[in-house]
Structure formats: C-alpha cells, structure tokens
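> Quick note: the sequence shown uses this note's numbering, first residue 29, plus one each step.
Structure in structure tokens, see below.
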Amino acid sequence: MIAALLVTTFVIAFVVASIVVLIFSKPIDGILKQVVPPDLSYAWARYLRFAIYVVGIGGGVQVWSFEKYLNQQETAKGLGPIELTADRWMLEIYNTVIGTLQSTAMILLVFFVFALIAVVIVRVFENRGGKTGNPK
Numbered sequence: 029m030i031a032a033l034l035v036t037t038f039v040i041a042f043v044v045a046s047i048v049v050l051i052f053s054k055p056i057d058g059i060l061k062q063v064v065p066p067d068l069s070y071a072w073a074r075y076l077r078f079a080i081y082v083v084g085i086g087g088g089v090q091v092w093s094f095e096k097y098l099n100q101q102e103t104a105k106g107l108g109p110i111e112l113t114a115d116r117w118m119l120e121i122y123n124t125v126i127g128t129l130q131s132t133a134m135i136l137l138v139f140f141v142f143a144l145i146a147v148v149i150v151r152v153f154e155n156r157g158g159k160t161g162n163p164k
C-alpha cells in the first residue's frame, strides 16, 4: 500500500509541476530573452524548467512523512503503524499538491526577483550607453 501511495504522489507531483511549467513557459522565455543572449536563453530556460520539476516533485513527494505508516506509533487502537485509510489518502494527495505548488512558487519567486534585478541593470546600462553616445 505504501508503494502505491509513493507512486501516486509522485505522479500527482509530476502533473502539478508540468502544469506550472506550461503556465510559466512563455514568461520565462520572454524574460530570459531580454536578459541573456538568445543562444543562452534557451539553455537557461530548459535548466529552469528542469529545476521546477526537481524542486516541485521533491517538495510534493515527502518520503519522510510516509514513516508514520511503517513505524510503531501510539494510536487509538494501541501500538502499531497508522492505518492508511481513504481519508489519509486524500490528506496525502492534498499535501502533495500543496507541497508541489509551494516549492515551485518559491523557485519561481527567486527566479523572477533575480530576473527583475537583471532587467533593471540591463536597462540602466542601455540608458547610459544611449546618453554617452549622443552628447548635447
């Protein structure tokens, strides 16, 4: 039963991360094309998509939380592992979706903050270059 839960949470985390990648592909491509040269922007965009998958799945599939279904614990029925009921499945699926979204949101926040800083720096250097080239 634990193996089925692990596979299910992995698939759900992968699907959620894929949806995030689809939603943010165009903004990521657009920002990277402004900040880095076109030949590098493709590679950086691919790397960022890969990072979204890795971080999203890692945040969604919380393997260490499955220990409660294997280890002896004090339960209402006495000493034993926690039973994996339908309610627990729903809770684990919910935790998977929320964990994946939180992880991908954090990586995208970091990316967009650094991208904003990079765009500002690029614009400042473009304006300086334009001002020094046209003396009045």
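Using N, Cα and C, we set each Cβ at its ideal position, and we do this for glycine too.
Since we're looking at a predicted model, the values are computed, not measured.
#1: Buried or exposed for PHE199, please, with buried defined as at least 16 other CB atoms from any protein chain shown within 10 angstroms of its CB.
#2: To the nearest angstrom, how far is it from the Cα of GLU111 to the Cα of GLU95?
#3: Please list the terminal residues of the continuous alpha helix (DSSP H) segment that includes ILE56.
#4: Just checking: is the beta-carbon of PHE38 within a distance shorter than 8 Å of some beta-carbon in chain C?
#5: For a test of the three-state rule: what should DSSP assign to THR113, helix, strand or coil?
#6: For ALA133, does the count of other Cβ atoms within 10 angstroms reach 16, so buried, or fall short, so exposed?
#7: Put ASN99 into one of helix, strand or coil per three-state DSSP.
#8: Can you find at least 3 beta carbon pairs, one from the region 35 to 43 and one from the region 54 to 61, that sit closer than 8 Å?
#9: By the DSSP assignment, the alpha helix (DSSP H) with TRP92 in it spans what residues?
A quick look at the data gives this:
#1: Residue 199 lies beyond the range of the chain shown here (29 to 164); nothing can be said about it.
#2: For the purposes of this step, residue 111 is taken as residue 83 along the sequence shown, with counting starting at 1. For the purposes of this step, residue 95 is taken as residue 67 along the sequence shown, with counting starting at 1. Approximately 12 Å, taken between the alpha carbons.
#3: For the purposes of this step, residue 56 is identified with residue 28 of the sequence shown, where counting begins at 1. ILE56 -> alpha helix (DSSP H) spans 30 to 63.
#4: The structure shown has no chain C; it contains just one protein chain.
#5: By 1-based counting over the sequence shown, the position of residue 113 is 85. Of the three classes helix, strand and coil, the one that applies to THR113 here is coil, per DSSP.
#6: One-based indexing of the sequence shown puts residue 133 at position 105. Flag for ALA133 reads exposed.
#7: For the purposes of this step, residue 99 is taken as the residue at position 71 of the sequence shown. DSSP places ASN99 in coil when its eight states are reduced to three.
#8: no
#9: Position 64 of the sequence shown, counted from the first residue, corresponds to residue 92. Segment: none, TRP92 is in no alpha helix (DSSP H) and carries neither H nor E.
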